[in-house]
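Notes for the one structure printed next.
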Ligand SMILES: Cc1ncc(COP(=O)(O)O)c(C=O)c1O
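In the UniProt record's numbering, the protein residues as written are 1 to 477.
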């Protein structure tokens, strides 16, 4: 029997793969007897134990039948297996969810996808690199790995982390919550997905700010929501444009509107809460970076004004720590809590226990606060460098919407169309500068050239150099 071993990994695994390939290729037929182990070992110049191990593996996977000593026979319905192998072509979506997924989520066009091969990239959503955090986190993880029980964590989240989150929310975000109100999730994205499943049926209306965070839009679309966008002015959401017949869910970023940076005024906050109360709507407050405010104390969250119990407050550790952590939290109104925990259970039984334990200790022991103070200072310096540079090179050609908070700025090229903006981005790229359009953050983008500049991953010196390239590009334009 001719068998080609591929040289990857242990010999018995190579032989198992080679035999399967022979089966798939039809070189060994259904019902055929495999060579005796001694004979095959001799032919291949390998030990009989290796052949025995490979046959045993094939038996365990159901490829062959029979017992050692009485011969091994190929069993599977080969025709079916071969045809499964042959079909690599895309299939029609197998469910409504899959169909909507293909329609609304295009992995190749994710906004903000990194522009490769440039010297400086103003990419939004990347973490601030911070060696002090890396070593502190490594210590916490090692400790948590040694002391955390290896059984499934509580679905709702580790009590110690929920307590630490409540303490943090009370001190920094003005939100009064008890640990039982909190569900620990794998970031904002999971929180939105849980909310969509718990609150929406296909066809229900969900309101989004325009512009908005596109990943929330996709999550709602994939769950079959009917979207209604509402514009934003200098006071935040234009509440007068909320649908008169009511909306099931209204998603907002009141502390720092994404991406425009506007802070929702008190009057609008009260108007929105009143709307939710009158229509029985739920408000999803995405408080993704409200912590980092540079001109004043961080504003209290909308949830802190909610007397009707309509606000589902979502926080994430993606900005204040780093996004690969995949941890966040939801403060859920009591009447919805069971449904959120059920949905979370169906997703993953609970977020990873070791990371939760490490984070709880990091927060309780003060490392988290120290990290926040350091990060706040670093971000403030980077933001000032970027703002100074842009203001210097603007000469009336730029409109900078500065929001005194967060990790990004929005810059408009005055009197330029969206197509001209794309040309500007292409030119910047040829000068080694990665710039990103704002258009993907609209359902219906305006015909203006807008950029979303994330400055978190560049040092002050890099920002200064990058802005020089930006200015050169602007002068040429
Ligand atoms: C508006 C907004 N909300 C939330 C997030 C964080 O999402 P997650 O917690 O899923 O990482 C981001 C990240 O870029 C964001 O821009």
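By construction, the Cβ of each residue, glycine as well, lies at the ideal position given by its N, Cα and C atoms. Predicted, not measured: the structure shown is a model, and the values here were computed from it.
Residue i and residue j closer than 8 Å at C-beta
| i | j | result |
| --- | --- | --- |
| residue 261 | residue 410 | yes |
| residue 237 | residue 197 | no |
| residue 74 | residue 28 | yes |
| residue 420 | residue 449 | yes |
| residue 469 | residue 443 | no |
| residue 285 | residue 312 | yes |
| residue 290 | residue 173 | yes |
| residue 230 | residue 207 | yes |
| residue 440 | residue 193 | no |
| residue 408 | residue 259 | yes |
| residue 292 | residue 359 | no |
| residue 232 | residue 209 | yes |
| residue 5 | residue 18 | yes |
| residue 122 | residue 406 | no |
| residue 362 | residue 136 | yes |
Span of the alpha helix (DSSP H) around residue i
| i | result |
| --- | --- |
| residue 197 | 188-199 |
| residue 316 | Here residue 316 belongs to no alpha helix (DSSP H); instead the beta strand (DSSP E) covers 311-316. |
| residue 463 | 460-476 |
| residue 266 | 266-279 |
| residue 56 | 48-60 |
| residue 420 | 418-430 |
| residue 400 | Careful: residue 400 lies outside any alpha helix (DSSP H), inside the beta strand (DSSP E) at 398-401. |
| residue 307 | Taken as a continuous stretch (DSSP letters only), residue 307 belongs to no alpha helix (DSSP H), as it is neither H nor E. |
| residue 23 | 11-24 |
Residue i, enclosing beta strand (DSSP E) - first and last residue
| i | result |
| --- | --- |
| residue 215 | Taken as a continuous stretch (DSSP letters only), residue 215 belongs to no beta strand (DSSP E), being part of the alpha helix (DSSP H) at 214-222. |
| residue 185 | 182-185 |
| residue 118 | Residue 118 -> no beta strand (DSSP E), and no H or E assigned at all. |
| residue 240 | Counting along the chain, residue 240 falls outside any beta strand (DSSP E), and DSSP gives it neither H nor E. |
| residue 227 | 226-233 |
| residue 205 | 205-210 |
| residue 528 | Outside the modelled stretch of the chain, which goes from 1 to 477, sits residue 528, for which no answer is possible. |
| residue 449 | 449-454 |
| residue 286 | 282-286 |
| residue 413 | 408-413 |
Proximal residues to residue i (C-beta, below 7 Å), its chain only, five neighbours per side dropped
| i | result |
| --- | --- |
| residue 458 | 120, 382, 466 |
| residue 355 | 325, 327 |
| residue 266 | none |
| residue 349 | 152, 155 |
Other residues of its chain near residue i: CB distance less than 6 Å, five sequence neighbours each side excluded
| i | result |
| --- | --- |
| residue 333 | 309 |
| residue 414 | 397, 399 |
| residue 287 | 255, 301, 315 |
| residue 322 | 127 |
Own chain, CB closer than 8 Å to residue i, minus 5 neighbours either side, in chain order
| i | result |
| --- | --- |
| residue 182 | 156, 157, 162, 165, 166, 329, 330, 331, 332 |
Ligand 2 heavy atom lying under 7 Å from the CB of residue i
| i | result |
| --- | --- |
| residue 371 | Of the ligands this structure carries, namely ligand 1, none is ligand 2. |
Pick out every residue whose C-beta is nearer than 5 Å to a heavy atom of ligand 1: which are they, in chain order? 125, 187, 188, 189, 213, 258, 286, 288, 316, 318, 323, 328
Check whether the segment 386-394 touches the segment 167-180, counting contact only when three or more Cβ pairs, one atom from each stretch, lie closer than 8 Å. no
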